[in-house]
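Written out below as structure tokens is the structure these notes cover.
Written out as structure tokens, the structure reads:
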């Protein structure tokens with residue numbers, strides 16, 4: 008009788024003590040849905056088609072990740088400033104939103120390995136007469152507040168000691184100000200610059216020069232403590248490159264050219 | 079209790095920058111009030127003048143300023159005028175936007191104050207030989223300003239609070255703009271904005287209390 | 003000027019934004035007024051000293067920019083307390099408290115405007131405090147307070163433009179989204195401003211009319 012009770016007690020205790028610490032990877036698979044934060048005013052990574060459905064490189068990556076996990080994807084539209092807050096509050100599981108992997112941000116969120124790299128270009132108003140990135144010195148420049156290029160541009164303006172920097176709230180306002188001539192130039196990714204110049208929506212702007220920045224590596228982000236999910240996403244990104252899916256999506260959304268090499272030669276990763 | 083790492087130190091390090099921003103905020107608020115009062119007096123004069131065109135123009139200004147959001151007005155000054163090729167810096171756009179708003183509300187306050195002044199005052203002034211503009215500036219206007227003192231204080235508080243709308247026109251040197259930029263780098267949203275809120279509260283209270291002291295001094299009779 | 007790329011879909015999109023503005027305003031004004039009446043009555047009844055904490059709490063909502071109130075509430079609820087709440091709920095909550103803070107002042111002013119003699123007469127006739135409040139104070143205080151309350155409601159509608167900061171797509175934000183796509187800033191902004199004006203102007207005029215009718219001149 009007594010050994011039986013002891014055994015039953017031990018069994019109950021072991022069941023009760025079993026790890027209730029299921030991590031996010033398990034949670035996502037159990038829930039059957041992967042909620043990704045995607046920025047939809049950033050073509051070709053994220054935008055809307057004529058029926059207002061989300062499309063883009065990031066959207067496809069979100070779908071691929073969900074398919075790999077065996078769940079359905081749910082694209083949650085987010086703005087650039089809201090990516091990290093949305094993650095922190097638990098409204099989304101991951102952010103597939105072209106987030107530059109800065110060290111400052113890494114204090115708050117967990118980054119995967121890079122899944123894409125942007126080159127940045129200087130987009131200038133035709134009337135400003137800017138032909139090289141140094142031509143921005145002393146001019147009125149601006150960018151979307153809080154982005155990688157904004158931080159770089161603001162630093163440059165401070166370094167030059169002349170000129171003015173304006174942080175607008177979103178990409179659209181930046182390009183509107185640029186085409187109105189209120190900004191002489193801005194720095195944005197080559198993809199966005201080409202998309203906006205080609206669209207014809209913003210008359211009077213053109214790409215002036217490449218910006219001398221280190222390529223902007225962007226990664227997937229999730230909560231800092233979710234090591235299981237981060238490791239999974241690292242392998243996922245690696246597999247996207249290995250299987251050729253990375254090159255395929257690059258061709259579909261960006262077009263000509265060679266997709267950026269996501270490795271740094273001579274370094275371990 | 080909270081599953082959140084409060085990092086007050088990180089936020090308090092930025093206090094000097096935020097206080098500098100507070101100075102810019104005060105500057106914009108005061109300038110916009112001065113411009114607003116001057117324009118409001120002109121608008122009131124227009125509405126009193128009896129000239130149909132002036133009356134119509136002044137009333138249109140007042141009604142637009144009072145019936146549309148301040149955010150809309152500021153956005154319109156920057157991007158709307160920008161469409162016509164008129165480029166205003168974020169500072170100017172914010173200043174003009176708030177001044178436009180101030181002028182409208184103050185003109186309405188002045189109109190209410192004028193109703194409280196008996197027109198015997200104007201008649202007496204005219205019969206003493208003053209011209210109509212003289213009668214207005216020397217007799218009626220001081221009384222009007224005294225009656226509107228409390229509403230003007232309220233409008234000053236509103237002007238300070240409205241400076242936070244500068245974010246939409248890329249204003250990054252006032253208190254809200256500075257806090258917003260710091261937030262975009264470090265994501266310490268709660269700590270930074272809590273400190274900014276305290277600074278705003280202090281500024282507002284100081285203004286309200288000094289206005290009350292000023293009123294007690296000036297309007298002793 | 004009238005060769006615009008605005009399509010019917012876009013007008014519907016704008017209309018949805020306008021609907022959101024009106025919805026947020028209606029919710030905020032409703033809850034704000036209810037709370038404001040409760041707070042106003044409390045403040046009046048228990049006197050300035052005891053009501054000081056409440057006064058201080060409400061004063062905060064009138065001394066901090068609404069944008070900061072919205073950002074702070076959002077950051078506190080979602081990041082600190084980690085409660086999943088939509089931006090819409092946060093916006094309605096903050097706007098309601100904001101409305102309540104102003105409404106409490108208006109209500110208090112209205113109650114104070116009722117002559118004490120009338121209230122004492124009511125009590126000496128045997129009415130309870132509740133009956134006094136509903137039959138004597140309510141009609142008279144409403145007369146005094148209604149024009150100011152209408153002004154407050156319109157003010158809240160205009161301030162609802164600020165809820166874009168918590169990702170609520172209301173009218174001004176919808177207009178900005180369309181401007182991005184269609185590149186006709188002036189035209190679209192005029193439509194946006196017209197909407198606010200068309201709603202606000204008649205109601206404001208009506209409030210002015212009531213004020214004139216009910217004044218004792």
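Chains as they are written, first to last, in the numbering used here: chain B, 8 to 276; chain F, 79 to 299; chain P, 3 to 219. For glycine and all other residues, C-beta sits at the position ideal for the given N, C-alpha and C.
Burial is judged here by how many other beta carbons sit within 10 angstroms of a residue's own beta carbon; residue 216 of chain F has fewer than 16 and is exposed.
Following the DSSP letters along the chain, one finds residue 120 of chain B inside the beta strand (DSSP E) bounded by residues 116-125. Assignment of residue 61 of chain B by DSSP, reduced to helix, strand and coil, places it in the strand class. Between residue 194 of chain F and residue 231 of chain F, the C-beta gap is not smaller than 7 Å, which leaves the two residues out of contact. Burial state of residue 71 of chain P is buried, judged by a 10 Å Cβ sphere holding 16 or more other Cβ atoms. What residue 208 of chain B touches in chain P, judged by beta-carbon distance under 9 Å, is 182, 183, 184 and 185, going in chain order. Comparing alpha carbon positions, the residue from B:257, B:188, B:218 and B:119 closest to residue 166 of chain F is B:188. At a cut-off of 7 Å between beta carbons, residue 85 of chain F makes no contact with chain B.
Against chain P, a Cβ distance below 7 Å from residue 97 of chain B picks out 84 and 86. Shown here, residue 269 of chain F sits in a helix according to DSSP, grouped into three states. If you draw a straight line from the Cα of residue 180 of chain F to the Cα of residue 100 of chain F, it is about 20 Å long. For the pair of segments examined, the stretch 39-50 of chain B was found to touch the stretch 78-89 of chain B: the number of CB pairs separated by less than 8 Å reaches three. For residue 135 of chain B, the nearest beta carbon of chain F is not closer than 7 Å to its own beta carbon. According to the DSSP assignment, residue 217 of chain B belongs to the beta strand (DSSP E) that extends over 212-217.
Comparing alpha carbon positions, the residue from P:162, P:29, P:147 and P:159 closest to residue 114 of chain P is P:147. Chain P places no beta carbon closer than 7 Å to that of residue 113 of chain B, leaving this residue out of the contacts. Separation of residue 165 of chain P and residue 128 of chain P (C-alpha to C-alpha, rounded to the nearest whole angstrom) is 49 Å. Here the C-alpha atom of residue 59 of chain P lies approximately 48 Å from the C-alpha atom of residue 203 of chain B. In the pairwise beta carbon analysis, the stretch 40-50 of chain P is classified as not touching the stretch 216-228 of chain F: fewer than three pairs are separated by under 8 Å.
In the three-state DSSP reduction, residue 81 of chain B falls in the strand class (E or B). Contact annotation: in the stretch 77-88 of chain B, residues whose CB is within less than 8 Å of a CB in chain F are 88. Assigned with DSSP and collapsed to three states, residue 277 of chain F falls in helix. When secondary structure is reduced to three states using DSSP, residue 174 of chain B falls in the strand class. For residue 91 of chain B, the secondary structure class from DSSP, reduced to helix, strand or coil, is helix. Nearest neighbour of residue 140 of chain B by Cα position, chosen from B:179, B:31, B:163 and B:184, turns out to be B:163. Across the stretch 141-157 of chain F, CB contacts with chain P closer than 8 Å involve 141, 142, 144, 145, 146, 147, 148, 149, 150, 153, 154 and 157, in sequence order along the chain. Under the 7 Å criterion on CB atoms, residue 179 of chain B is classed as interfacial with respect to chain P. Sorting B:233, B:264, B:260 and B:258 by C-alpha distance to the C-alpha of residue 115 of chain B places B:233 at the top.
In terms of CA proximity to residue 226 of chain B, B:65 leads the group B:75, B:170, B:169 and B:65.
In this structure, DSSP gives residue 47 of chain B a state outside helix and strand, which the three-state scheme calls coil. For residue 195 of chain F, the three-state secondary structure derived from DSSP is coil.
Contact annotation: in the stretch 53-71 of chain P, residues whose CB is within less than 9 Å of a CB in chain F are 61, 62, 64, 65, 66, 67, 68, 69, 70 and 71.
For residue 30 of chain B, no pairing in a beta bridge is given by DSSP. Between residue 32 of chain B and residue 239 of chain B, the CB-CB gap stays under 7 Å.
Counting along the chain, no alpha helix (DSSP H) covers residue 164 of chain P, and no H or E run does either. With fewer than three CB-CB distances shorter than 8 Å, the stretch 183-190 of chain F does not count as touching the stretch 83-100 of chain F.
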